[in-house]
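Numbering (my numbering), first residue to last: 1 to 132.
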């Protein structure tokens, strides 16, 4: 993301013109390349879950900030949205399935079904060999 061309350059602003406005504008400039998950501290859990189930990348690195996962780890698991991101970083399990994107969930189900078919065929082969 880039700062829109119609925004004044940060250097043209004065801290004295409007108290607090410079700090807000400076934050907007600094965070222009952040993904929505980098704003984790201010995200409600429903929005965090929406982003995780969408195409948000918890490993997207931004210089000076880190990844959303690192932001979550700094906030600690006591922060509800941070806890979701930390849990989403775990390997797939029935408990983390709902945190993955639609594509990843479909893939996980496919792999699970293939594993089940292999297991079933192994049992069937064992039963056939037992009959012989």
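Yeah, the Cβ is synthetic: ideal placement off N, Cα and C, and Gly gets one too.
Practice task
Count the C-beta pairs between the segment 33-42 and the segment 53-62 that are closer than 8 Å, then say yes if the count reaches three, no if not.
Solution key: yes
Exercise for the section: Evaluate residue 67 with the Cβ neighbour count: other Cβ atoms within 10 Å of its Cβ, from every protein chain shown; 16 or more gives buried, anything less gives exposed. Expected result: For the purposes of this step, residue 67 is taken as residue 67 along the chain shown, with counting starting at 1. Buried: at least 16 other Cβ atoms inside 10 Å.
Exercise for the section: With DSSP collapsed to three states, give me the class of residue 110. Expected result: Start at 1 with the first residue of the chain shown, and residue 110 comes out as number 110. Three-state result, residue 110: helix.
Practice task
Pull up the distance between the alpha-carbon of residue 47 and that of residue 105, whole angstroms please.
Solution key: As a first step, residue 47 must be located in the chain shown, where it is residue number 47. As a first step, residue 105 must be located in the chain shown, where it is residue number 105. Taking the straight line from one Cα to the other gives about 19 Å.
Handout entry: Start and end residues, alpha helix (DSSP H) containing residue 70
Key = As a first step, residue 70 must be located in the chain shown, where it is residue number 70. Element bounds for residue 70: 68-75.
Handout entry: Member of 77, 85, 75 whose CA lies at the smallest distance from the CA of residue 99
Key = Numbered from 1 along the chain shown, position 99 holds the residue referred to as residue 99. Closest by alpha carbon: 85.
Exercise for the section: Look up residue 24 in the DSSP assignment and say whether it is helix, strand or coil. Expected result: As a position in the chain shown, residue 24 is number 24, starting the count at 1. Note: residue 24 maps to helix in three-state DSSP.
Practice task
Just the C-alpha distance for residue 39 and residue 72, rounded to the nearest angstrom, thanks.
Solution key: Sequence index remark: in the chain shown, residue 39 carries index 39 (1-based). Sequence index remark: in the chain shown, residue 72 carries index 72 (1-based). In a straight line, the C-alpha of residue 39 is about 10 Å away from that of residue 72.
Practice task
For residue 89, I'd like the list of residues in its chain whose CB is within less than 7 Å of its CB, leaving aside the five on either flank, ordered along the chain.
Solution key: As a working mapping, residue 89 is identified with position 89 in the chain shown. Same-chain partners within the cutoff: 58, 69.
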